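Quick note: to get the working numbering, add 60 to the position in the sequence shown (first position is 1).
Worksheet: one structure, shown below.
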Amino acid sequence: MMDVLFAWLQASSSALWCAGVFVAGAVVGLVLSRVVARRMALAWIGGLVLGVASLGSVWAAEYFEPLPRFVLDTQDIGQVVPAGQGMLGWLADRVHGRKYLVLSFDDGPSNPRTDSAILAILARHHAHAVFFSVCAHAQSAEGRAALRADAAAGDLVEDHSWTHPHLPQESAAALHHEIADSRVFLRQLTGQPVDWFRPPFGQADAAVRAQIRQAGMQEVMWGANSEDSWLRSPAQIQYWSTRQAYNGAILLMHSHATTAAALDATLTDLEGMGYRFVIPSLHPDE
Ligand SMILES: [Zn+2]
């Protein structure tokens, strides 16, 4: 309730504008009531006020465009939902057809060429992404540098295990290494909190989930799939990314050369569809 009020206060110029139009409508109605029947005049006023109010909303929405904060949807861990979005922000999204997508890249770091290509394309689109990283890929100086570069660019480096195994087949000790140790490694490497864990192959059972919780992370999946884990043509990856994207979805991609080749055109297509690329607020208390 307070944030709705706050949004209105911030857009008080548009509220004044709507009030002014309301008064103008009343004056026009008064003048009309001298000329035509009273009922007709009331219809005129109502129509005018409604029409102008919706025009005012469109104007206010364009004028006032706060980017909402996003958090993981607790019902569906493949998507995010806006947290504390004001009424005008909600309206602005509807009026302007704005949609939101979380870009996620699994299995990196890959190689310097692919990693830096992905970062450069994201920067060109003013986009940020979540990198679900495999610690075994980050043991070389190049691998560590790639993850530090991701974090320095404002992207999120999150946990995708140490060796990318099928976790439900692992022992408790191995699970601890794959989940908790990898979190510590990534935190120390980037100097940033690591709060999300995406299980390799999307495979998790009760024991895996318990370890993720114990390590202080949230399990995360995806709601849209670029299908780039098996497709080898950039055009196909572009096609599936745009086809599967929906408002609030987390899009699954990989730090692969083919994905890097498809990325620029894919992001351009998605922007054309109204998407903005957001990263969730993961660390509210840090
Ligand atoms: Zn993976």
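All C-beta atoms, glycine included, are put in the ideal place defined by N, C-alpha and C.
Being a predicted model, the structure only gives us computed values, none of them experimental.
Query, Result
"Residue 109 and residue 146 closer than 7 angstroms at C-beta", "no"
"Cβ pair count under 8 angstroms reaching 3, the stretch 150 to 169 against the stretch 188 to 204", "yes"
"The alpha helix (DSSP H) enclosing residue 175, as first and last residue numbers", "172 to 184"
"Pairwise C-alpha distance: residue 129 and residue 143", "5 angstroms"
"Strand pairing of residue 256, partner residues [DSSP]", "278"
"For residue 105 and residue 302, the rounded distance between their alpha carbons", "45 angstroms"
"Cβ neighbour criterion (16 or more within 10 Å) applied to residue 300", "buried"
"Contact check, residue 217 vs residue 174, beta carbons under 7 angstroms", "no"
"Check: residue 133 C-beta below 6 angstroms from any heavy atom of ligand 1", "no"
"DSSP-derived helix/strand/coil call for residue 263", "coil"
"Beta bridge counterpart(s) of residue 129 as assigned by DSSP", "143"
"Nearest-angstrom Cα separation, counted from residue 271 out to residue 240", "7 angstroms"
"Spatially closest choice to residue 296 from 281, 321 and 283, by CA coordinates", "321"
"Cross-strand partners of residue 387 (DSSP beta bridge)", "An answer regarding residue 387 cannot be provided, because it is not within the stretch 61 to 346 covered by the chain."
"Buried or exposed by the 16-neighbour rule on C-beta atoms within 10 Å, applied to residue 162", "buried"
"Beta carbon nearer than 6 angstroms to a non-hydrogen atom of ligand 1", "166, 167, 220, 224 and 260"
"CA nearest to the CA of residue 283, picked from 93, 160, 153 and 151", "160"
"Proximal residues to residue 254 (C-beta, below 8 angstroms), its chain only, five neighbours per side dropped", "217, 218, 219, 243, 246, 247 and 277"
"Contacts around residue 133, its chain only, beta-carbon distance under 8 angstroms, and the 5 residues preceding and following it disregarded", "139, 140, 141 and 308"
"Residue 149 versus residue 116: straight-line alpha-carbon distance, rounded", "14 angstroms"
"Beta-carbon contacts of residue 323 that lie in its chain and below 7 angstroms, excluding the five residues immediately before and after", "178 and 181"
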